[in-house]
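Here is the structure we will look at, set down as structure tokens.
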Amino acid sequence: MFELVDTVEGTNMWGNVSVSFTAQDNSFYLLIPSDNYENIMIAVNIINSKYAFMAMSKNTTAGALCETNYGLSNNTVTIRKAIATNEQKSISFNVYRMN
1 MFELVDTVEG
11 TNMWGNVSVS
21 FTAQDNSFYL
31 LIPSDNYENI
41 MIAVNIINSK
51 YAFMAMSKNT
61 TAGALCETNY
71 GLSNNTVTIR
81 KAIATNEQKS
91 ISFNVYRMN
């Protein structure tokens, strides 16, 4: 079951989506735009102060892009991935944590 824990602002800068949020170690999160923008969803798994994420969008040819082995710094997760259309826009993300 997932619990809404935060809403954060991200950006789409010419296709590159950027978002940061505060996280707890050894947790799993889903980030979903509050308006379902671009059908984007980001899954983040944090284990022992390292995190991996999968960024999904209707605009990725592979369906999803995965990255691993990022260090958790000051409990902040930062994601930047080219997964959106070529425009400039702010995006409001709902942050859900798995209980």
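Quick note, the sequence shown lines up with residues 1 to 99 if you use full-length UniProt numbering. We treat Cβ as the ideally placed atom computed from N, Cα and C, and that holds for glycine.
The residues ALA23, ASP25, ILE46, SER49, LYS50, TYR51, in chain order, have a CB closer than 8 Å to that of LEU72 in the same chain once the five nearest residues on each side in sequence are set aside. The alpha-carbon of LYS58 is positioned some 17 Å away from that of LEU30. Separation of the CB atoms of ILE79 and ASN12 is rounded to 12 Å, and the pair is thereby denied contact status at 8 Å.
ALA43: member of the beta strand (DSSP E) spanning 41-47, first to last residue. Remark: C-beta atoms of ALA84 and GLY15 approach each other more closely than 8 Å. Under DSSP, the beta-bridge partners assigned to MET54 are ALA43, CYS66.
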